[in-house]
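Asker: Before we start, here is the structure in question, set down as C-alpha cells.
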Amino acid sequence: MADYHWPPTDKCSLIGRRISRLDGPWKSSGRIKYSYDVNRPNMLHGKMVFSPYAHAKVVSIDTSAAEKMPGVKAVEIMTEPGKEVFWAGQEVVAVAAETEEQARDAARRIQVRYEKLPHLVSDVDPRKAGEHTKQLAEQTDGNPDQALQQAEVTSEGEYGVPVITHCCLEAHGQVAEWDGDNLTIYASTQNVSGIPGEMVRAKIADSADKVRVLTPVMGGGFGSKFSADTWGLACARLAKKAGRPVKMMLERDQELMAAGARPSMYAKVKVGAKKDGTLVGWTSESWGTGGPDAQGGAPSIPYVVRIPDRRVRHTTVLTNIGPARAWRAPNHPQMCLITMSALDDLAAKLDMDPVEMLQKNIQMTGQLAKTYSAELEKAAALMDWKKRWHPRGDKTPGPIKKGLGVSIHTWGGAGHPSNCNCTIQPDGSVSASLGSQDLGTGTRTVIGIITAETMGLPLEAVTVNIGDSKYPPDGASGGSTTVGGVSSSTRRAATAALNQLLDKVAPSLNAKPDELEAIDGQIRVKGNPSRAISWKQACAKLGTTPITGVGQRQRGNDDLLSSGVGGAQMAEVSVDTETGLVHVDKLVAVQDCGLIIDLKTAESQVYGACIMGITYSLFEDKIMDEQTGRCLNADLEFYKLAGIGDFGDIVVHMMTGPGYDERGVIGLGEPPVISPGAAISNAVANAIGVRVPTLPLTPDKVLGALGKGAVA
Amino acid sequence: MEAFEYAHPTTQHEAIGLLGSKWNDAAVLAGGTDLISLMKEYLVTPKRVVNIKNVEGLNGIHSNAEGVTIGALVTMDELLENATIRSEFPALTQAAGGITSPQIRAMGTVGGDLCQRPRCWYFRNGYGLLAKDENGKSLVPDGENRYHAILGNSGPAYFVNPSSLAPVLIALGAKLQLAGTKGQREVRASEFSVIPKSDEERENVLKPDEMLTHIVIPASSHGLRSATYEVRQKTALDWPLAAAAVAVKLEGGKVREGRIVLGHVAPIPWQAREAEKELEGKSITESAAASVGEAALRGAKPLSQNGYKVQLAKVAVKRALLAAAKGEA
Ligand SMILES: Cc1cc2nc3c(=O)[nH]c(=O)nc-3n(C[C@H](O)[C@H](O)[C@H](O)COP(=O)(O)OP(=O)(O)OC[C@H]3O[C@@H](n4cnc5c(N)ncnc54)[C@H](O)[C@@H]3O)c2cc1C
Chain R
8 MADYHWPPTD
18 KCSLIGRRIS
28 RLDGPWKSSG
38 RIKYSYDVNR
48 PNMLHGKMVF
58 SPYAHAKVVS
68 IDTSAAEKMP
78 GVKAVEIMTE
88 PGKEVFWAGQ
98 EVVAVAAETE
108 EQARDAARRI
118 QVRYEKLPHL
128 VSDVDPRKAG
138 EHTKQLAEQT
148 DGNPDQALQQ
158 AEVTSEGEYG
168 VPVITHCCLE
178 AHGQVAEWDG
188 DNLTIYASTQ
198 NVSGIPGEMV
208 RAKIADSADK
218 VRVLTPVMGG
228 GFGSKFSADT
238 WGLACARLAK
248 KAGRPVKMML
258 ERDQELMAAG
268 ARPSMYAKVK
278 VGAKKDGTLV
288 GWTSESWGTG
298 GPDAQGGAPS
308 IPYVVRIPDR
318 RVRHTTVLTN
328 IGPARAWRAP
338 NHPQMCLITM
348 SALDDLAAKL
358 DMDPVEMLQK
368 NIQMTGQLAK
378 TYSAELEKAA
388 ALMDWKKRWH
398 PRGDKTPGPI
408 KKGLGVSIHT
418 WGGAGHPSNC
428 NCTIQPDGSV
438 SASLGSQDLG
448 TGTRTVIGII
458 TAETMGLPLE
468 AVTVNIGDSK
478 YPPDGASGGS
488 TTVGGVSSST
498 RRAATAALNQ
508 LLDKVAPSLN
518 AKPDELEAID
528 GQIRVKGNPS
538 RAISWKQACA
548 KLGTTPITGV
558 GQRQRGNDDL
568 LSSGVGGAQM
578 AEVSVDTETG
588 LVHVDKLVAV
598 QDCGLIIDLK
608 TAESQVYGAC
618 IMGITYSLFE
628 DKIMDEQTGR
638 CLNADLEFYK
648 LAGIGDFGDI
658 VVHMMTGPGY
668 DERGVIGLGE
678 PPVISPGAAI
688 SNAVANAIGV
698 RVPTLPLTPD
708 KVLGALGKGA
718 VA
Chain W
186 MEAFEYAHPT
196 TQHEAIGLLG
206 SKWNDAAVLA
216 GGTDLISLMK
226 EYLVTPKRVV
236 NIKNVEGLNG
246 IHSNAEGVTI
256 GALVTMDELL
266 ENATIRSEFP
276 ALTQAAGGIT
286 SPQIRAMGTV
296 GGDLCQRPRC
306 WYFRNGYGLL
316 AKDENGKSLV
326 PDGENRYHAI
336 LGNSGPAYFV
346 NPSSLAPVLI
356 ALGAKLQLAG
366 TKGQREVRAS
376 EFSVIPKSDE
386 ERENVLKPDE
396 MLTHIVIPAS
406 SHGLRSATYE
416 VRQKTALDWP
426 LAAAAVAVKL
436 EGGKVREGRI
446 VLGHVAPIPW
456 QAREAEKELE
466 GKSITESAAA
476 SVGEAALRGA
486 KPLSQNGYKV
496 QLAKVAVKRA
506 LLAAAKGEA
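First to last, the sequence lines map onto chains R and W. Take 8 as the starting number for the first sequence in my numbering and just add one per residue. Take 186 as the starting number for the second sequence in my numbering and just add one per residue.
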C-alpha cells in the first residue's frame, strides 16, 4: 500500500514557491475562451423577459407577436400562467433569435399580464415586516443576564451589513448545443461535475452520460454559480426546440437583480467585560433577510471569540429582493462585523487597545488560540500598531482623521470529494485529469504543481485537464473546499502512477521500486545520482501502454489535508470629517491555510479578498425601492465597486513553516474576505471617535454619525 | 434598442434639416457615451439618429478677441490637454479631469456633457424624467433619494443636473450657441438648463430641431481665478455627490466679484447668488470661505435621505474658494 504524504517543504522544488498561474497567458491573450466568449457555428442568442414587479401572479403570456418577429426561432415559458413571481427580475419567458438584438427586441414584444401582489423589500425594521418574519431562532448558553449584570463594564450598540450581490466579472449563463440526444453545455459554473445530473432531474436529458459540461476557465462565482439555474434549463430547451446552439448570458441588470444576493444581518448587541478586559457576557437581537425563502437558524455570534454566557435571538425577514445565494464565506463577514464592532466599542469604553483585548481573551477562540495570537502579533508588526495606535478619536488638528482597526476570523476549508486520474505516457508526457473547475483562483496551477512535484518534473512537463464533466467527478467549488480536495486526489493519483512506473523501471536500475525516487527529471536510486535514468528513458520502458494512477480524496480523515484556519487583519483609514469620505490607506492581512502549494496564487486570493472587502465596506449596497419593489442600482454605475485608485496599500502575509505546513492543505477562498468590514469599520471609529453602525461606510452615514447630516 | 434610421451629415445645415419637430423624431449623436445607453434601455427611441461627428466647424478650441470658442465636438481629453484652458480657466480643466474614466473622456464631448440626460435612477429605470408612479405621484420624496436634489426641489423635478462642466461654464460667464431650423441663437450658459414643470418639458432650452454648436467663454473672463471642487466617493466611474465651481476677480487681495455655481445638487446647475454677494469685498480666508459656503446652502431643503449633501456642498464651496484664491485645486 502506497504511503501518501507531502514531501518536506525544504525538499520541494515547486510546492510553496511563488508560481505564476498556468492559464494567465491564455487568458490575457484571449486564447482560452470563457463561456461568455464561446460562439458556436449557427448559434442563436437567448434573452429573457423578467417580472417588473417584486411580487405578482402571472395571469397570461402572449408570445404570438414575438414569434413573428424577424429572426425568432424558439420561445420557452419559464413561469407558467397562474404561478407567482417573488422578485422583480424573476424570469418569466425566454426567447431565442438569430442575433442578440433580435432576441432583445422580441422579448419586449412578449406580453405578460400580471396581477400585482403586495411586496416587501425593506429589511431595516423587522417590526414593520409583520407576517413576513419567520423563524425566531434562539440560543442561550449559561446565564448571560446574570453575567451582564455582574460585568464591570458593558457596551450596547447596533451594527449591520446590508444586502449586497456577487458581481462576478463574467455573468451567469451558458451556451447549450445538442447533437442528437447529446447535450454540450459551455457553462460558467462552479459545479462542472454536478450539472449533468441536474439536466436529467429537469428531464432535459435522459442520461447524465449524454450531457457534457465544459468550463475551461470562468470569471468568478463567489458562491452564486452552483446550479444550472432556470436560465440554464431554459437555454437547453430553447436549443432543443430550435435545433441549434443557443447562448444565453445574463445582462448586468439581471445579474444584480436575480443572480444572487448576500443576506443582510443587523443586530442590537450588549456585551460586558471585567475591568481588565475579560469578556463575560453577550446578548444580541439580530435580524436580516435572505430573500423570499430564507432559511437558517441563529447566527453564531459572538463570532470566533466564544464568550461563555450568551443569548442570541434571530428573526428572518422574508422579502422580495431576489434569492440569496452563498456569498464567499456565507454569513461570516456579517457575523464578524457585528462581533468585532461590538468588542471594539467595549474596548473603547474600557480605554483599552483592542488588540490587547483580543489577546487577553484569546483562549475563548478555542483550538486556534495560538495561531490567532501569533497572527495578531505579526499583523501588529506589519502595521506598526503599537506605535501608531491611539485611543478613540484622532486629536490631530484639521479635517482628516486617521485610525486603526483590527479583526479576526475563521473558516473550515476541508477538501471536498475529488477524483483524479494521472496518466504517464510512454513518450514521457504526464497529465492529471479531474472534473474540477478553476474559478479564477489558481486550481489548475495547483494541480499542475502537485503533479510535477510528485514526478520530479518541471511544471511545463505536465498537462492539467479540468473543466470538463468527462473527467473524473469532482466536488462543486464552494466553501474553500477545492484546493484541499484536488490536492489530495492529485497527489494520490500522481503517486500511484509514479509507483507503477517505478515498478517497471526498478529492474533496469538494479533496485527495488521503493528504493527509487523521481527527482530533477530523472528516476534514480535515492540520493545516488550515478544510478539514474532520465524520465524519458524510464517512460519508454512502458512499451506501448500508458499507465494511469487513480487518486481519490479520502473520506473522513485524510492526511494530506485538514481544516480550520484563523486570520487577523488590520486596517488604517483616513476619514475626511467634513465630507465623510473614507479612504483605506492600508490593509494588513495575515492568514494561515496549512500547507501552501502555490504561494503566489495563495497571496493573490488574499489580495483579491481584501479588495472585495474594501469594496463592500465602502460602497456596496443593493438598493431596493419599497414603492416599486425594484432594485434601483442594478448597474455598475450606482452599484459601486472599488477601482484600482480607491484603496491604498494591501500587505499580505501567509503564515507558513512549522506548525502550519504539516497540517496539510486547507482552503483559502473564503477566510480573507471576512475581516475587512470589521477592521475598516473599527478603524473609522478609531479615527473619528464614534461608530458608524452599518456598512457601507458612505459619506451620508459617516456624517450622520458625526452629527453633520440628517441621516445616521 | 429600437431600430432607427442613421444619418451622418457633414454640414450644420444638413444636420439641422435631419432633426425633427418632436423629440422622438431624431436624436443628435456625438460621442454616444450617454445616448447609446439611453437607447439600449429604451429610454429614448428616436426614429433617426443624426451622427454629428463629421459635421464641419464643430471641432477645436479657438481664441480671438471675443474670447475662447469651444466646438461642441471637442472631447474631454482635448479640453484637458488644451494649454490656454489649463492656464486661463483651471476650473474647467479640473472639472473635465474629474469626469469618470479615460474611455469616456476620450469619446465624450463637451456638447454631449452639457446635453446629457440626468442619472436619476427612477428615470433610468423607466419611470420618466419626473419619476412618477402609476398614479402620477413622484416616487422621489418617499423613495430612495440619497443622490437627489437639495435645492430647486419643490417638485415635480427632483433629479440633479449631471454635467460637471456646466457649473464652471456658468461661473466663467460662458455663452452657448445653438443652431436650429429657425436660425442661430445664443443663450447664457446660466440660462441653458431649466427645471421642467411637466412631463412635456425637458431639462434645457433646446428645441427638438436645435443643436448646440459652440461654447464661448468671453474675453472678460480672462484673469478670473477659478477652481472646481468635487466630492466623489470613487476616483473613477463615479459621479460627484456635490460639486462647486467658483470664479472670482481679486483686487488687492479682496474679491471684487465672484460667481459660485453648485453642481449635482439641483435639477439645474445652481448659482448661489446670495453667497456671491456675501463674498464681495472679502479676502478669502478659511473662515470667510466657510461662511460663504453656509450662505450658498441657506435655501437648501433636503429630502428624507440627502441631508448630508448640504454639508458636502458647503464644503465644496469652501474648498473651491480656497483653491481659487491660492491658484490651485
Ligand atoms: C459611470 C459614468 C460616470 C460619469 N461621470 C460623469 C461626471 O462625473 N461628470 C460629468 O459631467 N459626466 C459624467 N459622465 C457622463 C459623460 O460625461 C457623458 O456621457 C458624456 O459627456 C456625453 O458626451 P457624448 O459626446 O458621448 O454625448 P452623447 O451620448 O452623444 O449625447 C448625450 C446627449 O446629448 C445630446 N447631444 C450631444 N451632443 C449634442 C449637441 N451638440 N447638441 C444637442 N444635443 C446633443 C444627445 O442627443 C444625447 O441626448 C459619466 C458617465 C458615466 C457612464
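Beta carbons: idealized from backbone N, C-alpha and C, even for Gly. All figures in this text were calculated on a predicted structure; none of them were measured in a lab.
Let me know the alpha helix (DSSP H) ranges lying completely inside the stretch 498-574 of chain R, each 4 residues or longer, listed in chain order.
Answerer: 542-547
Asker: With DSSP run on the structure shown, which of helix, strand or coil describes residue 378/R?
Answerer: helix
Asker: Compute the Euclidean distance between the alpha carbons of residue 613/R and residue 536/R, then round it to the nearest angstrom.
Answerer: 40 angstroms
Asker: Compute the Euclidean distance between the alpha carbons of residue 269/R and residue 508/W, then round it to the nearest angstrom.
Answerer: 43 angstroms
Asker: Output, in sequence order along the chain, the residues in the stretch 221-232 of chain R whose CB is closer than 9 angstroms to any CB in chain W.
Answerer: Of all residues in the stretch 221-232 of chain R, none has a C-beta nearer than 9 angstroms to a C-beta of chain W.
Asker: Whole-angstrom Cβ separation of residue 422/R and residue 502/R, contact assumed at under 8 angstroms?
Answerer: The Cβ separation is near 16 angstroms, so there is no contact.
Asker: Does any residue of chain W have a CB that is nearer than 8 angstroms to the CB of residue 657/R?
Answerer: Output row for residue 657/R: interface = no.
Asker: What do you reckon, are the CB atoms on residue 348/W and residue 423/W nearer than 8 angstroms?
Answerer: Contact flag unset, no.
Asker: What are the partner residues of residue 181/R, as DSSP defines its beta bridges?
Answerer: 194/R, 255/R
Asker: Using a C-beta cutoff of 8 angstroms, does residue 514/W count as contacting chain R?
Answerer: Residue confidence is low: residue 514/W scores 42 on pLDDT, short of 50, so the model does not pin down where it sits. Its coordinate-derived value is still stated next. Contacts with chain R at 8 angstroms (Cβ-Cβ) do not include residue 514/W.
Asker: What's the gap between the Cα of residue 8/R and the Cα of residue 606/R?
Answerer: The predicted model places residue 8/R with a pLDDT of 41, which falls under 50 and marks its position as unreliable, so this point remains unresolved.
Asker: With a threshold of 7 angstroms (Cβ to nearest heavy atom), would residue 296/W be considered close to ligand 1?
Answerer: With a cutoff of 7 angstroms, residue 296/W counts as near ligand 1, since its C-beta is closer than that to a heavy atom of the ligand.
Asker: Identify the residues that DSSP records as bridge partners of residue 166/R: which are they?
Answerer: 274/R
Asker: Using Cβ-Cβ distances below 8 angstroms, what residues of the stretch 217-231 of chain W are close to chain R?
Answerer: 227
Asker: Looking at ligand 1, does it come within less than 7 angstroms of residue 213/W, judged from the CB to the closest heavy atom?
Answerer: yes
Asker: So does residue 309/W have its beta carbon nearer than 7 angstroms to some heavy atom of ligand 1?
Answerer: no
Asker: Taking 7 angstroms as the cut-off, is the C-beta of residue 300/W nearer than that to any heavy atom in ligand 1?
Answerer: Here the distance from the Cβ of residue 300/W to the nearest heavy atom of ligand 1 is below 7 angstroms.
Asker: Beta-carbon within less than 8 angstroms of residue 476/W's beta-carbon, same chain only, minus the 5 sequence neighbours each way: which residues are those?
Answerer: 463
Asker: If you measure from the beta carbon of residue 483/W to each beta carbon in chain R, is any gap under 8 angstroms?
Answerer: Interface residue (Cβ-Cβ distance to chain R less than 8 angstroms): residue 483/W is not classified as such.
Asker: Where does the unbroken beta strand (DSSP E) through residue 81/R begin, and where does it stop?
Answerer: 79-84
Asker: Quick check on this structure: which residue in 449/R, 23/R, 457/R, 448/R has the alpha carbon closest to the alpha carbon of residue 438/R?
Answerer: 457/R
Asker: Do you know offhand how far residue 365/W's Cα is from residue 470/W's?
Answerer: 46 angstroms
Asker: Of the choices 378/W, 187/W, 258/W, 267/W, whose alpha-carbon is the least far from that of residue 111/R?
Answerer: 187/W
Asker: Classify residue 610/R as buried or exposed, calling it buried when 16 or more other Cβ atoms lie within 10 Å of its own Cβ.
Answerer: Taking all protein chains in view, the Cβ of residue 610/R is crowded by 16 or more other Cβ atoms within 10 Å, so the residue is classified as buried.
Asker: Would you identify the three-state DSSP class for residue 57/R, choosing helix, strand or coil?
Answerer: strand
Asker: Name, please, each residue of chain R whose Cβ falls closer than 7 angstroms to the Cβ of residue 310/W.
Answerer: What residue 310/W touches in chain R: 637, 639.
Asker: Residue 99/R and residue 92/R look like a contact to me (Cβ under 8 angstroms); what is the Cβ gap, rounded to whole Å?
Answerer: 7 angstroms
Asker: What is the rounded straight-line gap between the Cα of residue 491/R and the Cα of residue 259/W?
Answerer: 56 angstroms
Asker: Quick check: is the beta carbon of residue 64/R nearer than 8 angstroms to any beta carbon in chain W?
Answerer: no
Asker: State buried or exposed for residue 66/R, treating a residue as buried only when at least 16 other CB atoms are found within 10 Å of its CB.
Answerer: exposed
Asker: Say yes only if the C-beta of residue 644/R is nearer than 7 angstroms to one or more non-hydrogen atoms of ligand 1, and no if none qualify.
Answerer: Under cutoff, so the answer is yes.
Asker: Examine chain R for any beta-carbon lying closer than 8 angstroms to the beta-carbon of residue 328/W, and answer yes or no.
Answerer: So, interface residue.
Asker: Interface residues of chain R around residue 416/W at Cβ under 8 angstroms?
Answerer: 586, 588, 706
Asker: Find the residues of chain W that neighbour residue 57/R, judging by a C-beta separation of less than 9 angstroms, and give them in chain order.
Answerer: Simply none; closest approach about 13 angstroms.
Asker: Could you check if residue 169/R belongs to the surroundings of ligand 1, using beta carbon to heavy atom distance under 7 angstroms?
Answerer: Relative to the non-hydrogen atoms of ligand 1, the Cβ of residue 169/R never comes closer than 7 angstroms to any of them.
Asker: By the criterion of Cβ-Cβ separation under 9 angstroms, what are the contact partners of residue 421/W in chain R?
Answerer: 650, 651, 652, 653
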